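**Q** Dropping a structure here in structure tokens format, bear with me for questions.
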Amino acid sequence: MSDQSHIRNFAIIAHIDHGKSTLADRLLEMTGTVAKREMHAQLLDSNPIERERGITIKLAPVRMHWKGYILNLIDTPGHVDFGYEVSRSLAACEGALLVVDATQGVQAQTLANLHQARAHHLTIIPLLNKIDMPHARVEETKEELRALGFADEDMIEISAKTGQNVDAVLEAILKRIPSPQGNPQAPLRALIFSSHYDTHRGVVIFVRIVDGSISYDPILRIRCLATNSDIAPIELGIFSPAMMPVAGLACGEVGYIATGLKNVKLAKVGDTVTFGDMSGTRNDALMASHEPLAGYKEPKSMVFLGLFPMAADEYQDSREAMEKLQLSDSAFTFRPISSLALGNGFHCGFLGLLHAEVVQERILREFDLTMLATSPSVEYRVTFKLGVDYHKLGFTLNHVVAQTNGFVTVSIQSASELPDPTYVEKVEEPVMNVSIYGPKRFVGAIMQLAQEKRAEYVDLVYVGDQAQFTYLIPLAEMIVDFFDRLKSVTEGYASLDYEFFDWQAAQVAKVDILVNKEKVDAFSFLVIEKDAIIRSRDIVERLAAVIPRQQFEIPIQAAIGGGVIARADVKSYRKDVTKKLYGGDRTRKDKLLDKQKKGKAKMKRIGNVEIPQSAFFAVLKRE
């Protein structure tokens, strides 16, 4: 086992695309952790989706050796949707490398990650990356870092791509980042900072040994304090970067424990691991701790959508696929639902739209299943009027989030759950505290976009050529096209970060879509009342364009309660029934046309409108 004073645990944090994964590659190469012939770009991004999109989704730990020291690096994601991965990485570290792209300067996620790192009291080493680029703004970027409280001597100018000055980073890690401060003689306490599912090893938990140490033994038992589950581990190991079994893990080390479990819920991320019951065979039970570590907040789903298998016989396969995905992605949640139009499916929760896209892509690639996604929605809170029995409305205690002065508040995540307005005292929607960064020449365009999205202005600060806005924006306004439009109006230069702020009252309406006067539940959606007509017109017109024409006219209506607020018609085919007539008076033609009209009216009454999958795609796809 290792000498604690010769261990350094650190994370790499940065805004998306500032060079975290490239720097990780250079560190692996320079420390000889990976042989040159095995080296390829984005080595720690093992998922093909990560490699194609050029983003990091899942954190990846790796152990390196340099000048007699053990360096445990935890590479982290940069996209705002995966911020919870960053928080759990930082909980396992003493220091962080803050990478800033010298061509772009400080960006939204740079500040968000810096704030998290300082909240964890980490030693931060600021790195100016991409100094080899012809349009690098080294002096301006240094000025932005000075404004964040860094001194010139703290900063290291590097090029992760060419390896220029990366050896200075390794030296700074040894000199500046403190060694782990745990007590090797204390009872075992290890923090679970991630996990994944392995077919042969079961649930594999990634741990940082905070106090004590652990050695492998066939009779070894460990316990997770939060779930109180006793586990007989089958392997201990380290990441180099592949998983490598070891005899034991010392205080301060980062490694993994293969539990053999099939249920990830028994070993949750953020839980504390200590020794379990040895039934008197060894005295390890005396070295068990009953004091859990602080852990960190569980990720909370912010965006919800329904996923339905395209073929009805793929439901069971889809369920198994989602259970396996949940093992490796604790922020993804799902529960079974049923729709008259789409059959059996799942109501799924995600951290954001990128997270939802990645999960759908993983289902397609890893399990060869195509899922139809409904329109994204957010969680709303509904407070009932006094005396309303929420049980009779189909809600259970699991839905209840608050009970104050006799008022009961429940959480709803889809249009089908919104109760009749006569029972409702108020509806609240989640509001996000949003930080937007962009060149100051785009200030007017950003403000105009924010105004369209019901944003409440909080602050505007200029940092050099950059403008930093703070707004309060309802999450429902952000999940459709806010980020795309922000990039569009700022020519791709703006970036944003957001976190939950509070709940605010909102005038929310449930819009039902009727096809030939039959309600299609899959198209129902929740919308702010003032936007209901515009959204409804858009949807009925798109439906009218994709539903095939029939022998009878098909009305497509959007309705709130009993009132229709938008309508479009699919025109019927019209056969020329008067073609065979030659001459004669008008009454002969009118008789045939009336007969045709009666036939069409009867068809319309009893006719079934088959809605093709293309219609669902056209309406439910992201606008």
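Sequential numbering of the sequence shown, starting at 774, is according to this note's numbering.
For each residue, glycine too, the CB sits at the ideal point set by N, CA and C.
Computed from a predicted structure; not experimentally measured.
Identify the continuous beta strand (DSSP E) that holds Leu998 and give its terminal residues.
**A** Locating residue 998 in the sequence shown gives position 225, counting from the first residue. Element bounds for Leu998: n/a, residue is neither H nor E.
**Q** Take His813 and list the residues in its own chain whose beta-carbon comes closer than 7 Å to its own, dropping the five residues that flank it on each side.
**A** Here residue 813 corresponds to residue number 40 of the sequence shown, with the count starting at 1. Bear in mind that the predicted position of His813 carries a pLDDT of just 48, short of 50, making it unreliable; the figure below should be weighed with that in mind. Result list for His813: empty, nothing under 7 Å.
**Q** Classify Gly1265 as buried or exposed, calling it buried when 16 or more other Cβ atoms lie within 10 Å of its own Cβ.
**A** Here residue 1265 refers to the residue found at position 492 when the sequence shown is read from its first residue. Exposed, since its Cβ has fewer than 16 Cβ neighbours within 10 Å.
**Q** With DSSP as the reference, label Lys1213 as helix, strand or coil.
**A** Sequence index remark: in the sequence shown, residue 1213 carries index 440 (1-based). Lys1213 falls in the helix class under three-state DSSP.
**Q** Taking 7 Å as the CB-CB cut-off, is Gly1211 touching chain D?
**A** Absent from the structure: chain D. Only one protein chain is present.
**Q** For Val1131, does the three-state DSSP call read helix, strand or coil?
**A** To locate residue 1131, count along the sequence shown from 1; it is residue 358. Helix, per DSSP.
**Q** Please report the Cβ distance between Gly1025 and Gly955, rounded to the nearest whole angstrom; I am assuming they are in contact, meaning their Cβ atoms lie under 8 Å.
**A** Mapped onto the sequence shown, residue 1025 falls at position 252. Mapped onto the sequence shown, residue 955 falls at position 182. That pair is a contact at about 6 Å.
**Q** Hey, could you find the ends of the alpha helix (DSSP H) Thr935 is sitting in?
**A** Position 162 of the sequence shown, counting from 1, holds the residue named residue 935. Looking at the DSSP string, Thr935 is not in any alpha helix (DSSP H), and its letter there is neither H nor E.
**Q** With a floor of 3 residues, list each beta strand (DSSP E) that falls wholly inside the region 894 to 961, ordered by position along the chain.
**A** Entirely contained in the region 894 to 961, the beta strand (DSSP E) runs reaching 3 residues are, in chain order, 896 to 902.
**Q** Runs of 3 residues minimum, wholly inside the region 1153 to 1183: which ones carry the beta strand (DSSP E) assignment?
**A** For the region 1153 to 1183, whole beta strand (DSSP E) runs of length 3 or above, ordered along the chain, are 1153 to 1157 and 1173 to 1177.
**Q** Would you say Pro1116 and Ala1146 are within 7 Å of each other, going by their C-beta atoms?
**A** Numbered from its first residue, the sequence shown carries residue 1116 at position 343. Numbered from its first residue, the sequence shown carries residue 1146 at position 373. In the sequence as displayed, the identity of residue 1116 is Gly instead of Pro. Against a cut-off of 7 Å, the Cβ pair of Ala1146 and Gly1116 comes out as no contact.
**Q** On the CB-based measure, 16 or more other CB atoms within 10 Å of its CB, does Lys915 come out buried or exposed?
**A** Position 142 of the sequence shown holds residue 915. Buried, since its Cβ has 16 or more Cβ neighbours within 10 Å.
**Q** Starting from Leu884, follow the alpha helix (DSSP H) in both directions and report where the run begins and ends.
**A** Locating residue 884 in the sequence shown gives position 111, counting from the first residue. Segment Ala881 to Ala892, the alpha helix (DSSP H) holding Leu884.
**Q** Grouping DSSP H, G and I as helix and E and B as strand, with all else coil, what is Thr806?
**A** The residue labelled residue 806 in the question sits at position 33 within the sequence shown. Residue state, collapsed to three classes: coil.
**Q** Around the Cβ of Glu926, are there at least 16 other Cβ atoms within 10 angstroms (buried) or fewer (exposed)?
**A** As a first step, residue 926 is located in the sequence shown; it is residue number 153 there, counting from the start. So Glu926 ends up on the exposed side.
**Q** Quick check on the DSSP output: the alpha helix (DSSP H) that includes Ile1306 runs from which residue to which?
**A** In the sequence shown, the residue the question calls residue 1306 occupies position 533. From DSSP, the alpha helix (DSSP H) with Ile1306 extends over Ala1305 to Val1319.
**Q** Do Val1181 and Phe748 have their beta-carbon atoms positioned less than 7 Å apart in this structure?
**A** Residue numbering for the chain in the displayed model covers 774 to 1396; residue 748 lies beyond these limits and cannot be assessed.
**Q** My guess is that Val754 and Leu1245 are in contact by the Cβ rule of under 8 Å, so how many angstroms apart are they, rounded?
**A** No information on residue 754 is available, as it lies outside the stretch 774 to 1396 that the chain covers here.
**Q** How about Leu844 and His893: are their beta carbons less than 7 Å apart?
**A** Along the sequence shown, one-based indexing puts residue 844 at 71. Along the sequence shown, one-based indexing puts residue 893 at 120. Taking 7 Å as the Cβ cut-off, Leu844 and His893 do not qualify as a contacting pair.
**Q** Determine the direct distance from the alpha carbon of Arg781 to that of Leu947, and round the result to whole angstroms.
**A** Counting from 1 along the sequence shown, the entry for residue 947 is found at position 174. Counting from 1 along the sequence shown, the entry for residue 781 is found at position 8. Near 7 Å, if we compare the C-alpha coordinates of Arg781 and Leu947.
**Q** Pro1006 and Ile759 - do their beta-carbons sit closer together than 7 Å?
**A** Only positions 774 to 1396 of the chain appear in the structure, and residue 759 is not among them; the question remains open.
**Q** In angstroms with no decimal places, state the Cα-to-Cα distance between Thr1032 and Pro1018.
**A** On the sequence shown, position 259 is the one that residue 1032 refers to. On the sequence shown, position 245 is the one that residue 1018 refers to. Going from the Cα of Thr1032 to the Cα of Pro1018 covers about 13 Å.
**Q** Residue range of the beta strand (DSSP E) that Arg1340 falls in?
**A** Locating residue 1340 in the sequence shown gives position 567, where the first residue counts as 1. It spans Gly1336 to Val1343 - the beta strand (DSSP E) in which Arg1340 sits, taken as one unbroken run.
**Q** Based on the DSSP secondary-structure assignment, which residues constitute the bridge partners of Gln1186?
**A** Locating residue 1186 in the sequence shown gives position 413, where the first residue counts as 1. Its beta-bridge partners do not exist; DSSP assigns none.
**Q** On the criterion of 16 or more Cβ atoms from any shown chain inside 10 Å, does Arg1108 qualify as buried, or is it exposed?
**A** Position 335 of the sequence shown, counted from the first residue, corresponds to residue 1108. Label assigned to Arg1108: exposed.
**Q** Taking just the CA atoms, how far does Ala787 sit from Val873?
**A** Your numbering for residue 873 matches position 100 in the sequence shown. Your numbering for residue 787 matches position 14 in the sequence shown. Between Val873 and Ala787, the C-alpha separation is close to 6 Å.
**Q** Can you pull the DSSP bridge partners for Glu1202?
**A** Taking the first residue of the sequence shown as position 1, residue 1202 is located at position 429. Answer by DSSP bridge pairing, in chain order: Gln1277.
**Q** Could you check which residue in Leu1009, Leu796 and Lys1292 has the C-alpha nearest to that of Leu943?
**A** What you label residue 943 is simply residue 170 of the sequence shown in a count that begins at 1. Selected option, being the one with the closest Cα: Leu796.
**Q** How far does the alpha helix (DSSP H) with Glu1250 in it reach, from first residue to last?
**A** Residue mapping note: residue 1250 aligns to position 477 of the sequence shown, counting from 1. Counting along the chain, the alpha helix (DSSP H) containing Glu1250 begins and ends at Leu1248 to Met1251.
**Q** What number of angstroms, rounded off, separates the C-alpha of Ser1052 from the C-alpha of Asp1003?
**A** Along the sequence shown, read from residue 1 onward, the residue named residue 1052 stands at position 279. Along the sequence shown, read from residue 1 onward, the residue named residue 1003 stands at position 230. For Ser1052, the predicted structure reports a pLDDT of 45, less than 50, and the residue's modelled location is therefore unreliable. A value from the coordinates is still provided. Computed Cα separation, rounded: 12 Å.
**Q** Taking the alpha carbon of His973 as the reference point, which residue from Lys1035, Ala1218, Asp984 and Glu912 has its own alpha carbon closest?
**A** Here residue 973 refers to the residue found at position 200 of the sequence shown. When only C-alpha atoms are compared, the closest one is Lys1035.
**Q** How close, in whole Å, do the beta carbons of Gly1043 and Gly1028 come, if the pair is a contact with beta carbons under 8 Å?
**A** Position 270 of the sequence shown holds residue 1043. Position 255 of the sequence shown holds residue 1028. Going by Cβ atoms, the distance from Gly1043 to Gly1028 rounds to 17 Å, so no, they are not a contact pair.
**Q** Report the residue from Ser1187, Glu1198 and Leu1126 whose alpha carbon sits nearest the alpha carbon of Gly1160.
**A** Here residue 1160 refers to the residue found at position 387 of the sequence shown. Among Ser1187, Glu1198 and Leu1126, the Cα nearest to that of Gly1160 belongs to Glu1198.
**Q** Where do the N-terminal and C-terminal ends of the beta strand (DSSP E) with Ser1111 fall, by residue?
**A** Within the sequence shown, residue 1111 is the residue found at index 338, counting from 1. Run containing Ser1111: Thr1106 to Ser1112, per the beta strand (DSSP E) assignment.
**Q** Quick one: Cα of Ser778 to Cα of Tyr842, how far?
**A** Your numbering for residue 778 matches position 5 in the sequence shown. Your numbering for residue 842 matches position 69 in the sequence shown. When rounded, the distance between both Cα atoms is 9 Å.
**Q** Is the distance from the Cβ of Ile982 to the Cβ of Gly868 below 7 Å?
**A** Counted from its first residue, the sequence shown places residue 982 at position 209. Counted from its first residue, the sequence shown places residue 868 at position 95. Taking 7 Å as the Cβ cut-off, Ile982 and Gly868 do not qualify as a contacting pair.
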